[in-house]
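Taken in order, the sequence shown gives residues -18 to -1, 1 to 81; the numbers are from mature numbering (1 follows the signal peptide of the UniProt record, and there is no 0).
Quick reminder that beta carbons are idealized off the backbone N, C-alpha and C, glycines included.
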Amino acid sequence: MKTSIKLAGLGLVAATLAGCVETSGSSNTSSGVFAPPGMVEECVRQVRVGQPNANITTRAPITAGPDNRVFVGMTVDGASWGCRIEDNGSYTAFPQFAN
(Lines of atoms letter the chains of each structure in order from A and count residues from 1; the text may use other names and numbers.)
(Lines give C-alpha, C1' and ligand atoms only; values in the text may rest on other atoms or scores of the structure.)
Protein backbone atom coordinates (compact mmCIF):
# COMPACT_ATOMS: atom_id res chain seq x y z
CA MET A 1 0.00 0.00 0.00
CA LYS A 2 2.77 2.46 0.89
CA THR A 3 4.54 1.67 -2.38
CA SER A 4 1.47 2.40 -4.49
CA ILE A 5 0.87 5.68 -2.64
CA LYS A 6 4.50 6.71 -3.17
CA LEU A 7 4.31 5.86 -6.88
CA ALA A 8 1.06 7.76 -7.26
CA GLY A 9 2.62 10.72 -5.48
CA LEU A 10 5.65 10.66 -7.75
CA GLY A 11 3.40 10.56 -10.80
CA LEU A 12 1.46 13.55 -9.52
CA VAL A 13 4.65 15.50 -8.89
CA ALA A 14 6.00 14.65 -12.35
CA ALA A 15 2.75 15.72 -14.02
CA THR A 16 2.73 18.96 -12.05
CA LEU A 17 6.31 19.79 -12.97
CA ALA A 18 5.90 18.99 -16.65
CA GLY A 19 2.44 20.45 -17.12
CA CYS A 20 -0.55 18.17 -17.36
CA VAL A 21 -2.68 17.12 -20.27
CA GLU A 22 -5.77 15.07 -19.59
CA THR A 23 -7.44 13.85 -22.75
CA SER A 24 -9.53 10.95 -21.49
CA GLY A 25 -12.95 11.11 -23.06
CA SER A 26 -11.83 13.63 -25.66
CA SER A 27 -12.01 11.37 -28.73
CA ASN A 28 -15.74 10.91 -28.93
CA THR A 29 -19.02 11.39 -27.13
CA SER A 30 -22.07 9.24 -26.64
CA SER A 31 -23.66 11.22 -29.49
CA GLY A 32 -21.07 9.83 -31.91
CA VAL A 33 -19.01 12.99 -32.49
CA PHE A 34 -15.37 12.14 -33.16
CA ALA A 35 -12.37 14.45 -33.34
CA PRO A 36 -10.31 13.74 -36.47
CA PRO A 37 -7.05 11.86 -35.81
CA GLY A 38 -4.45 14.25 -34.45
CA MET A 39 -6.84 17.14 -33.77
CA VAL A 40 -6.66 17.04 -29.98
CA GLU A 41 -2.88 16.66 -30.04
CA GLU A 42 -2.48 19.60 -32.44
CA CYS A 43 -4.79 21.78 -30.34
CA VAL A 44 -2.77 21.02 -27.20
CA ARG A 45 0.49 21.61 -29.11
CA GLN A 46 -0.68 25.07 -30.14
CA VAL A 47 -1.49 26.01 -26.55
CA ARG A 48 1.90 24.69 -25.38
CA VAL A 49 3.73 27.07 -27.75
CA GLY A 50 2.74 30.02 -25.56
CA GLN A 51 2.14 28.21 -22.27
CA PRO A 52 4.55 25.25 -22.08
CA ASN A 53 3.76 24.41 -18.44
CA ALA A 54 0.00 24.95 -18.53
CA ASN A 55 -2.42 22.45 -17.02
CA ILE A 56 -4.62 21.49 -19.98
CA THR A 57 -7.74 19.35 -19.96
CA THR A 58 -9.86 18.61 -22.99
CA ARG A 59 -13.57 17.96 -23.20
CA ALA A 60 -15.44 15.59 -25.46
CA PRO A 61 -15.80 16.98 -28.97
CA ILE A 62 -19.04 18.51 -30.15
CA THR A 63 -20.20 19.99 -33.43
CA ALA A 64 -20.61 23.75 -33.59
CA GLY A 65 -21.17 26.62 -35.96
CA PRO A 66 -23.22 26.87 -39.12
CA ASP A 67 -21.27 24.03 -40.76
CA ASN A 68 -21.49 21.72 -37.72
CA ARG A 69 -17.71 21.33 -37.61
CA VAL A 70 -15.99 19.43 -34.84
CA PHE A 71 -15.08 21.65 -31.89
CA VAL A 72 -12.95 20.58 -28.91
CA GLY A 73 -13.31 22.56 -25.68
CA MET A 74 -10.29 22.86 -23.41
CA THR A 75 -9.49 24.26 -20.00
CA VAL A 76 -6.05 25.87 -19.85
CA ASP A 77 -4.94 26.78 -16.32
CA GLY A 78 -8.60 27.30 -15.41
CA ALA A 79 -9.46 29.43 -18.47
CA SER A 80 -11.84 28.29 -21.19
CA TRP A 81 -10.29 27.64 -24.62
CA GLY A 82 -11.56 26.06 -27.80
CA CYS A 83 -10.17 24.46 -30.92
CA ARG A 84 -11.89 24.36 -34.28
CA ILE A 85 -11.35 23.09 -37.80
CA GLU A 86 -10.74 25.88 -40.32
CA ASP A 87 -11.94 26.00 -43.95
CA ASN A 88 -8.54 24.75 -45.14
CA GLY A 89 -8.59 21.75 -42.77
CA SER A 90 -6.10 23.15 -40.25
CA TYR A 91 -6.89 23.52 -36.54
CA THR A 92 -6.92 26.71 -34.49
CA ALA A 93 -6.76 26.82 -30.68
CA PHE A 94 -7.98 30.05 -29.11
CA PRO A 95 -9.01 31.54 -25.76
CA GLN A 96 -12.73 31.86 -25.04
CA PHE A 97 -13.07 35.51 -26.04
CA ALA A 98 -10.83 35.45 -29.12
CA ASN A 99 -13.72 35.53 -31.58
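7 angstroms Cβ cutoff met for residue i and residue j
{"i": "A42", "j": "V58", "result": "no"}
{"i": "I44", "j": "V15", "result": "yes"}
Alpha-carbon spacing of residue i relative to residue j, whole angstroms
{"i": "T74", "j": "T39", "result": "16 angstroms"}
{"i": "C65", "j": "P34", "result": "17 angstroms"}
{"i": "P18", "j": "A61", "result": "24 angstroms"}
{"i": "G55", "j": "G47", "result": "14 angstroms"}
{"i": "S72", "j": "N50", "result": "16 angstroms"}
{"i": "W63", "j": "N70", "result": "21 angstroms"}
{"i": "V29", "j": "Q78", "result": "13 angstroms"}
Selected residue, minimal CA-CA separation from residue i, among the options
{"i": "E24", "options": "G60, F53 and S62", "result": "F53"}
{"i": "M21", "options": "A46, A61, I67 and G60", "result": "I67"}
Extent of the continuous alpha helix (DSSP H) to which residue i belongs
{"i": "G32", "result": "M21 to G32"}
Span of the beta strand (DSSP E), counted from its first residue to its last, around residue i
{"i": "F16", "result": "Where F16 is concerned, there is no enclosing beta strand (DSSP E), given that its DSSP letter is neither H nor E."}
{"i": "S72", "result": "Here S72 belongs to no beta strand (DSSP E), and DSSP marks it neither H nor E."}
{"i": "R66", "result": "A61 to I67"}
Residue i at chain D interface by Cβ criterion, 7 angstroms
{"i": "M56", "result": "In the displayed structure, chain D is absent; only one protein chain is listed."}
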